[in-house]
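In the working numbering, the protein residues as written are 1008 to 1441. No residue lacks a Cβ here, since even glycine has one placed at the ideal position from N, Cα and C. Notes follow once the structure below has been shown.
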Amino acid sequence: MSSTIAAVATPPGRGGIGIVRLSGRTSHDVASRLAHQKFEPRRATLASFLEEDGTPIDTGLVLWFQAPRSYTGEDVIELHGHGSPVVMEMLLNRVCELGARLANPGEFTERAFLNGRLDLAQAEAVADLIQSSSEEGSRAAQRSLRGEFSDAVRGVGELLLRIRVHVEAALDFPEEEIDFLAEPALTATVEEAILRLHEVIRKSNSGSLLVSGVRIAIGGSPNVGKSSLLNRLVGHDRAIVTPAAGTTRDVVEGQFFIRGMPVTVADTAGLRETKDPIEVLGMDRAHAAFRDADCILWLTDDRQTDALPPLARPLIHVRNKCDLSGNPPGRLEDGSVRTCALTGLGLERLQEAIAKKAGLVSGDAVFAGRPRHLTCLRAAAKEVRAGLDQLGLGNGDLAAESFRLAQEQLGRIVGETTSDDLLGEIFSTFCIGK
């Protein structure tokens, strides 16, 4: 990390302010040569940004965040100029002429991680915060960025370490008459670790849903109200609705939110026997939408008793057109939901069913979990459970190994045991200036 990196830190386009950010040991030197003046740490200084021949590029503010009290842990310079793409490009080119190089995607945050300013879960939360599309998703990412998720993970890791110390001590002193492996207190501590892991998994899964959302597809026979339901869910006329069966031929998508969770919903062509090649193509696309969905809303006419299809995805049976059947809207004992897409009756219960099927829990204290976090957490829980089983069989050495593997999985979440390839994959998804 000997080089000084530079990038535009503000979004592309025109605006009142644009920022070029530098990080590295020569950041202050580059800024001084750019403006022909020196700067003081943590003080905004008005300066002219100059070409090599003295021609002004722009006039703006310079901020110097001196190492190690900066985002990256290195000397960081921010050049605040006018938000013109041309000005930003000229500034970036000039600082590169003065010795900086263009930053790679996520390199500022990668340096923050490598310099110990953030752990890996916190670094990922930076990207999740930027990409969040709801207030709830933003709050979940903020919790992870503050370290609450990492603290929960490390707390379980410390508990597992105490368990390992106990087990390995019992193995080191087999001549003791007391069977330390059979102590109820040890078993209770392992069970506590399992419970705490499951709680972290639950909160991480909900936070992941708030950040990345879910995809649902609406399926069913023609003319059961699929397009009307799409329009009702997204809050505007997204799909064409007519009394004629088979109006929808292609997949039509929209988005809405359930308690802060982004939901992408796809309306699909009605499924029926037909020789119409266009309608057949529409049904092929419907099946593709089903395969891509996290959950399928299968609509039937509440006046009929249609069988549900054998689809390989979680399914919610929606009994639509309850205004015509005369049955009350709401959630039924068999898990289905009775609605009227035309008027919105039963819609609240349907949204609750979607949230439950997705695994979204109520409450504020959730984390911006990622799929890799959940994979590691579940693997850790599996190893701890295996360790508990081995303790019951008196196999202390196997139990200790399971607890060690569980600790290793938790270490991967915060970056204590992580490969360089994984780090490259994670930070490559960031924007250039972050």
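Could you give the DSSP three-state label for residue i: helix, strand or coil?
{"i": "Ile1265", "result": "strand"}
{"i": "Pro1321", "result": "coil"}
{"i": "Leu1105", "result": "coil"}
{"i": "Asn1230", "result": "coil"}
{"i": "Ile981", "result": "Because the chain here runs from 1008 to 1441, residue 981 falls outside it and cannot be looked at."}
{"i": "Gly1351", "result": "coil"}
{"i": "Phe1410", "result": "helix"}
{"i": "Leu1152", "result": "helix"}
{"i": "Phe1115", "result": "helix"}
{"i": "Thr1194", "result": "helix"}
{"i": "Phe1437", "result": "coil"}
{"i": "Gly1422", "result": "coil"}
{"i": "Pro1378", "result": "helix"}
{"i": "Asn1100", "result": "helix"}
{"i": "Ser1055", "result": "strand"}
{"i": "Ile1247", "result": "coil"}
Between the beta-carbon of residue i and the beta-carbon of residue j, is there less than 7 Å?
{"i": "Thr1275", "j": "Gln1262", "result": "no"}
{"i": "Gly1277", "j": "Arg1256", "result": "no"}
{"i": "Gly1214", "j": "Ala1314", "result": "no"}
{"i": "Val1221", "j": "Asp1135", "result": "no"}
{"i": "Phe1056", "j": "Leu1029", "result": "no"}
{"i": "Ala1319", "j": "Ala1296", "result": "no"}
{"i": "Ser1228", "j": "Arg1279", "result": "yes"}
{"i": "Arg1292", "j": "Val1258", "result": "yes"}
{"i": "Gly982", "j": "Ala1016", "result": "What is shown of the chain runs 1008 to 1441, which leaves residue 982 out entirely."}
{"i": "Gln1397", "j": "Ala1406", "result": "yes"}
{"i": "Gly1232", "j": "Ala1348", "result": "yes"}
{"i": "Ile1208", "j": "Ala1300", "result": "no"}
{"i": "Arg1203", "j": "Val1163", "result": "yes"}
{"i": "Ser1409", "j": "Gly1394", "result": "yes"}
{"i": "Ser1034", "j": "Asp1082", "result": "yes"}
{"i": "Leu1367", "j": "Leu1193", "result": "no"}
Kindly give me the distance between the Cβ atoms of residue i and residue j, rounded to whole angstroms, as I take these residues to be in contact under 8 Å.
{"i": "Val1037", "j": "Ala1107", "result": "5 Å"}
{"i": "Cys1383", "j": "Arg1419", "result": "5 Å"}
{"i": "Pro1112", "j": "Phe1437", "result": "5 Å"}
{"i": "Arg1326", "j": "Ser1343", "result": "6 Å"}
{"i": "Thr1312", "j": "Asp1330", "result": "Thr1312 to Asp1330, Cβ: 18 Å. No contact."}
{"i": "Met1268", "j": "Ala1195", "result": "That belief does not hold up - the Cβ atoms of Met1268 and Ala1195 are roughly 36 Å apart, past 8 Å."}
Among the options, whose alpha-carbon lies nearest the alpha-carbon of residue i?
{"i": "Glu1199", "options": "Phe1072, Leu1136 and Leu1167", "result": "Leu1167"}
{"i": "Glu1104", "options": "Thr1052, Asp1283 and Glu1059", "result": "Glu1059"}
{"i": "Ile1323", "options": "Ile1303, Ile1170 and Ala1014", "result": "Ile1303"}
{"i": "Glu951", "options": "Arg1379, Arg1356, Gln1414 and Asp1244", "result": "Within the shown structure, residues of the chain are numbered from 1008 to 1441, placing residue 951 beyond reach of any answer."}
{"i": "Gly1090", "options": "His1035, Arg1021 and Gly1394", "result": "Arg1021"}
{"i": "Ala1159", "options": "His1380, Leu1430, Glu1432 and Ile1137", "result": "His1380"}
{"i": "Ser1141", "options": "Arg1266, Glu1340, Ile1012 and Gly1366", "result": "Arg1266"}
{"i": "Leu1240", "options": "Ile1433, Val1093 and Ile1361", "result": "Ile1361"}
{"i": "Arg1032", "options": "Phe1374, Gly1353, Gly1333 and Ser1077", "result": "Ser1077"}
{"i": "Ser1151", "options": "Gly1431, Pro1092, Asn1212 and Val1093", "result": "Asn1212"}
{"i": "Ile1012", "options": "Val1102, Leu1237, Trp1071 and Val1093", "result": "Val1102"}
{"i": "Glu1155", "options": "Arg1245, Leu1125 and Ser1139", "result": "Leu1125"}
{"i": "Gly1401", "options": "Leu1178, Lys1282, Thr1307 and Gly1366", "result": "Leu1178"}
{"i": "Gln1416", "options": "Val1093, Ile1024, Asn1100 and Ser1157", "result": "Ser1157"}
{"i": "Thr1307", "options": "Gly1403, Gly1123, Ile1024 and Asn1230", "result": "Asn1230"}
I need the straight-line Cα distance from residue i to residue j, nearest angstrom please.
{"i": "Trp1305", "j": "Lys1328", "result": "13 Å"}
{"i": "Glu1085", "j": "Ala1372", "result": "34 Å"}
{"i": "Ser1435", "j": "Thr1116", "result": "11 Å"}
{"i": "Ala1386", "j": "Ala1042", "result": "54 Å"}
{"i": "Arg1118", "j": "Gln1073", "result": "15 Å"}
{"i": "Asp1427", "j": "Val1421", "result": "14 Å"}
{"i": "Gly1337", "j": "Arg1169", "result": "50 Å"}
{"i": "Val1133", "j": "Glu1047", "result": "28 Å"}
{"i": "Ile1185", "j": "Ala1375", "result": "Note on Ile1185: pLDDT 47, under 50, position unreliable in the model; the coordinate value appears next. The alpha-carbon atoms of Ile1185 and Ala1375 are separated by roughly 45 Å."}
{"i": "Arg1377", "j": "Ser1332", "result": "43 Å"}
{"i": "Lys1363", "j": "Leu1121", "result": "39 Å"}
{"i": "Met1095", "j": "Val1027", "result": "7 Å"}
{"i": "Pro1018", "j": "His1087", "result": "13 Å"}
{"i": "Leu1109", "j": "Leu1068", "result": "21 Å"}
{"i": "Asp1309", "j": "Val1287", "result": "26 Å"}
{"i": "Leu1352", "j": "Leu1237", "result": "14 Å"}
{"i": "Gln1138", "j": "Ala1128", "result": "15 Å"}
{"i": "Asp1065", "j": "Thr1079", "result": "26 Å"}
{"i": "Lys1052", "j": "Leu1070", "result": "Residue 1052 is actually Thr in this sequence, not Lys. Near 7 Å, if we compare the C-alpha coordinates of Leu1070 and Thr1052."}
{"i": "Ile1225", "j": "Gln1149", "result": "33 Å"}
{"i": "Arg1345", "j": "Ala1246", "result": "21 Å"}
{"i": "Arg1040", "j": "Gly1061", "result": "11 Å"}
{"i": "His1294", "j": "Pro1316", "result": "12 Å"}
{"i": "Pro1284", "j": "Glu1143", "result": "44 Å"}
{"i": "Arg1049", "j": "Pro1075", "result": "12 Å"}
{"i": "Phe1264", "j": "Pro1063", "result": "48 Å"}
Consider the Cβ of residue i: report whether some Cβ of chain B lies at a distance smaller than 7 Å.
{"i": "Ile1225", "result": "Absent from the structure: chain B. Only one protein chain is present."}
Taking 6 Å as the cut-off, is the CB of residue i close to at least one heavy atom of the ligand ADP?
{"i": "Met1095", "result": "The model on display carries no ligand, and the ligand ADP is accordingly not part of it."}
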